[in-house]
Amino acid sequence: MSADASLPPPLHVVTPLVSSVPLAKQLGVKAVYFKLDALQPSGSFKMRGIGHYIAKYCQAHPNLQTVVSSSGGNAGMAAAIAGVAYNCKVLVYVPNSTPLMMIERLKAAGADVIVHGSVWDEAHAEATRFVASQEEGSAVLVHPFEGEDLVDGHSTLVAEIAEQLPQGIVPDVVVCAVGGGGLLSGILKGLKSIYHGKHRLPVVIGAETEGARSFALAVETGYPVPLPGGITSIAKSLGALQVSARVMERRDTYGAPNVRPLVVTDAQAVRGLVAFADEFRILVEPSCGAGLAACYLPETLKSVVPEINSASVVVVVACGGSMVTTELIEKWRETFGV
609 MSADASLPPP
619 LHVVTPLVSS
629 VPLAKQLGVK
639 AVYFKLDALQ
649 PSGSFKMRGI
659 GHYIAKYCQA
669 HPNLQTVVSS
679 SGGNAGMAAA
689 IAGVAYNCKV
699 LVYVPNSTPL
709 MMIERLKAAG
719 ADVIVHGSVW
729 DEAHAEATRF
739 VASQEEGSAV
749 LVHPFEGEDL
759 VDGHSTLVAE
769 IAEQLPQGIV
779 PDVVVCAVGG
789 GGLLSGILKG
799 LKSIYHGKHR
809 LPVVIGAETE
819 GARSFALAVE
829 TGYPVPLPGG
839 ITSIAKSLGA
849 LQVSARVMER
859 RDTYGAPNVR
869 PLVVTDAQAV
879 RGLVAFADEF
889 RILVEPSCGA
899 GLAACYLPET
909 LKSVVPEINS
919 ASVVVVVACG
929 GSMVTTELIE
939 KWRETFGV
């Protein structure tokens, strides 16, 4: 939660942290925990950062009338729920790769949806142009993964994990999906705030799919660069062509060797989300499945964290996602033979 008592109560909820004894045995570690942010009102962790960002903006700009989002879906859903909660009109700009199902869900949440461009970057540019044309303070563009207020909101996830873990337990590894870098930034900020100077900092794994590997590419080159060939993965909500420069800076201050990319195939991401659904009866999208694959397919995690052992504690952020149905999961299973 925000430390600012003048803000209204947060729109996100405290989500469960649950352990998986079978998975800990499979991985050969002491414990595996899942942070179930798929249970947020918007269906994903985005509710944390975007809800907090809009609350702060409303406080500073009483004349706010319109909340604008550019999104592959999940950020737009969080913006729709938050904007409606604060009595604002909500406009969501999405690329034409956004599934019709997601567009209908955004509309049902109270948003007006504008389809523009073929990738997120193009939808975002059009949303930026609209806000610039409005009276100052009357419209706000909520970036899907940039901004300190947004990152502060996401960092509440780490504060909850620290409170929910058994007394004296500090995670050795934290796994999350990474698209533009907002969640990863929040996790790094939260972990450093809570554990720096008191405990060793956990290794943090940013997982993504082959066709959306913008974070891995930034680590390889040393700075963010556009993904050649665009997004080719089914994990559409990982679809930022380039990660945030800020997340790379935060990686350096956290300790770059301890913030590592993990790239999985679309098939592995689907295996991860199917295994997670079988164990916890919760549906998540392939972007989240990229992080889940790190544990459900043990060789993937061990390839980037070879130092894990029988004393290790692993926390995986089940970040959720709105772009999933039972029909889509069956389609993915058939496509990839899962």
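Last residue of the sequence shown? That's 946 in the numbering used here, and every number before it is there in order. Every residue, glycine too, gets a C-beta built ideally from N, C-alpha and C.
Of the residues assessed, T908 falls on the buried side of the cut-off, its CB having 16 or more other CB atoms within 10 angstroms.
Taken in chain order, the unbroken stretches of beta strand (DSSP E) that lie wholly in the segment 809-865 and span 3 residues or more are 811-817.
Nearest Cα to L765 within the set A639, G899, S911 and R656: R656.
Of the other Cβ atoms in all chains shown, fewer than 16 fall within 10 Å of the Cβ of G776; this residue is therefore exposed. Judged by DSSP in its simplified three-state form, V759 adopts helix. The beta carbon of L849 is closer than 8 Å to those of V727, W728, D729, S822, P834, L835, G838 and I839 in its chain, skipping five residues each way along the sequence.
The segment 687-696 makes no contact with the segment 799-819; the number of CB pairs closer than 8 Å stays below 3. Taking 7 Å as the cut-off, the beta carbon of V626 is found closer than this to the beta carbon of F642. The bridge partners DSSP lists for R868 are I813.
Contiguous beta strand (DSSP E) elements confined to the segment 767-806 occur at 781-785, taking only those with 3 or more residues.
Going by DSSP, Y641 is part of no alpha helix (DSSP H) but of the beta strand (DSSP E) stretching over A639 to L644. In the DSSP assignment, Y694 falls outside any alpha helix (DSSP H), carrying neither H nor E. Secondary structure of I722 (DSSP, three-state): strand. According to the DSSP assignment, S678 belongs to the beta strand (DSSP E) that extends over T674 to S678. Here V759 is near S793, since their CB atoms are less than 7 Å apart. Secondary structure at V621: coil, using DSSP grouped into helix, strand and coil. Closest in C-alpha terms to R879, from the list R868, A898, H669 and L870, comes A898.
For V750, the beta-bridge partners assigned by DSSP are S677. When the Cα atoms are used, P832 and I711 turn out to be separated by approximately 29 Å. Under the criterion of beta carbons closer than 8 Å, T817 and P894 qualify as touching, at roughly 7 Å. When the beta-carbon positions are compared, A668 and A926 stay at least 7 Å from each other. For V626, the secondary structure class from DSSP, reduced to helix, strand or coil, is strand. Look at S895 here: in three-state DSSP terms it is helix. Ranked by how close their Cα comes to the Cα of G790, the residues F738, H724 and R859 have R859 in first place.
Taking a contact to require three or more Cβ pairs closer than 8 Å, the segment 907-924 and the segment 779-786 qualify as touching. Within the same chain, H660, Y661 and K664 come within 7 Å of D757 by CB-CB distance, once the 5 residues on both sides are set aside.
The C-alpha of C903 is placed about 11 Å away from the C-alpha of L881.
Beyond the five residues adjoining it in sequence on each side, P630 comes within less than 8 Å, by CB distance, of E887 in the same chain, given in chain order. In the three-state reduction of the DSSP assignment, V912 falls in the helix class, which pools H, G and I.
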